[in-house]
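These notes are about the structure you will find just below.
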Amino acid sequence: MSTKQKITVRIVGLVVVLIMTMGSVAAQQPSASPSPKKSESSDTPVESGEDAGDYTVISSVEFGYRGLSVDGDHNKYQSDLNYRTGPRLFDSSFLLRSRDGNGALFETLVANSTGWGADPQGNLRVSVEQPEWYRFDATYRRFKYFRFLNNFANPNWVFSPAQFSVPPRLTTGEHGQDTRINLGD
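Using our numbering, you'd call the opening residue of the sequence shown number 3 and step up by one each time.
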């Protein structure tokens with residue numbers, strides 16, 4: 003196949019993909035939010051969610067998988083972005099609310115999380131409340147920190163490592179780090 007034919011096939015393929023993408027854009031538009039339903043016996047709106055005993059549950063989970071292909075320097079990629087291949091939890095939320103406002107242990111429980119799995123940072127927030135008695139808020143954060151800065155601190159060490167009293171490590175450079183940090187409130 004000649005170069006001209008390859009270019010033509012690529013352009014036709016690109017146009018087909020573009021048409022398919024534009025055709026699916028209308029299907030991806032969010033629908034209008036429904037107005038709250040009114041109960042038959044009164045004018046108070048009925049809450050959405052699923053019944054779970056004395057509580058109503060509203061939750062969502064968004065997960066996926068990240069593939070990764072690095073054509074250049076893998077250490078430089080990890081220093082800048084540090085994304086890894088594998089399953090990941092983009093976002094999740096969980097709300098458990100007492101239907102009548104008189105929950106046994108708590109009236110509301112909220113849990114939100116984002117960025118777990120192949121992401122370099124993750125966040126989890128939990129809030130539990132019984133308004134007359136207590137309110138508990140907790141946050142847990144995790145960071146994966148990687149740095150390989152062999153040429154930033156001293157670009158000449160690659161050419162003449164003998165000038166250092168302690169030669170730098172070839173795998174991590176002068177200022178290499180691969181650490182995990184966990185924080186909680």
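The beta-carbon is built from N, C-alpha and C at its ideal position, and this holds for glycine as well.
Per-residue burial, residue i [other beta carbons within 10 Å of its own, 16 or more giving buried]
| i | result |
| --- | --- |
| D121 | buried |
| L98 | buried |
| F138 | exposed |
| L111 | buried |
| E64 | exposed |
6 Å CB neighbourhood of residue i in its chain, flanking five on each side removed
| i | result |
| --- | --- |
| V59 | G51, E52, L98 |
| P89 | Y67, G119 |
| L236 | This structure cannot settle anything about residue 236, because the visible part of the chain is limited to 3 through 187. |
| S95 | S62, N114 |
| R143 | N125, L185 |
| Q132 | F108, E109 |
Cβ separation of residue i and residue j, assumed to be a contact under 8 Å, to the nearest whole Å
| i | j | result |
| --- | --- | --- |
| D187 | T141 | 4 Å |
Alpha carbon of residue i to alpha carbon of residue j, nearest angstrom
| i | j | result |
| --- | --- | --- |
| V72 | Y79 | 8 Å |
| T181 | F148 | 6 Å |
| I183 | G74 | 27 Å |
| S7 | L91 | Looking at the sequence provided, one finds Gln at residue 7 rather than Ser. So the two alpha carbons sit approximately 43 Å from each other. |
| W135 | N104 | 12 Å |
Nearest neighbour of residue i, chosen from the options [CA to CA]
| i | options | result |
| --- | --- | --- |
| A106 | D56, E64, S4 | D56 |
| S81 | F150, F108, S129, G103 | F150 |
| V128 | I13, E134, F108 | F108 |
Contact set for residue i: own chain, Cβ-Cβ below 8 Å, skip 5 residues either direction
| i | result |
| --- | --- |
| Q123 | G117, R143, R144, F145, K146 |
Sequence-distant residues of its chain with Cβ nearer than 7 Å to residue i (five each side left out)
| i | result |
| --- | --- |
| R101 | D56, Y57, T58 |
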